[in-house]
Amino acid sequence: ITGICGMAAGLSSFMFQKVAGHLFVYAGETNLRFLGFEGKPAGYFIIFCFCAVAYLIGWTAMKALAPKYEPISE
Numbered sequence: 041i042t043g044i045c046g047m048a049a050g051l052s053s054f055m056f057q058k059v060a061g062h063l064f065v066y067a068g069e070t071n072l073r074f075l076g077f078e079g080k081p082a083g084y085f086i087i088f089c090f091c092a093v094a095y096l097i098g099w100t101a102m103k104a105l106a107p108k109y110e111p112i113s114e
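Adding 40 to a residue's 1-based position in the sequence shown gives its number in the working numbering.
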């Protein structure tokens, strides 16, 4: 299980960096505009927005799966 999760994390990191690179090149070449940002800064803003939303989704999933913390008593 640990190996499968590690491989999934590595592949998803690879794909995220690939997509981000293509987004930065596209934003720079086409002078992309997004919420007041223009060019490459617009690409960075999109990536930072994605990361913020991904963090909130992960936090919500963690709270849904383990809603209460209980002390360990032996």
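The beta carbon of each residue, even a glycine, is placed where N, CA and C say it ideally should be.
- In the displayed model, GLU78 falls within a strand according to three-state DSSP.
- Distance from the CA atom of PRO111 to the CA atom of PHE77, rounded to whole angstroms, is 47 Å.
- Counting the other CB atoms within 10 Å of its CB gives GLY43 a total below 16, which places it among the exposed residues.
- Pairing ILE86 with LYS58, the inter-Cα distance amounts to about 15 Å.
- Nearest C-alpha to PHE56 among ALA101, TYR84, MET102, PRO107: TYR84.
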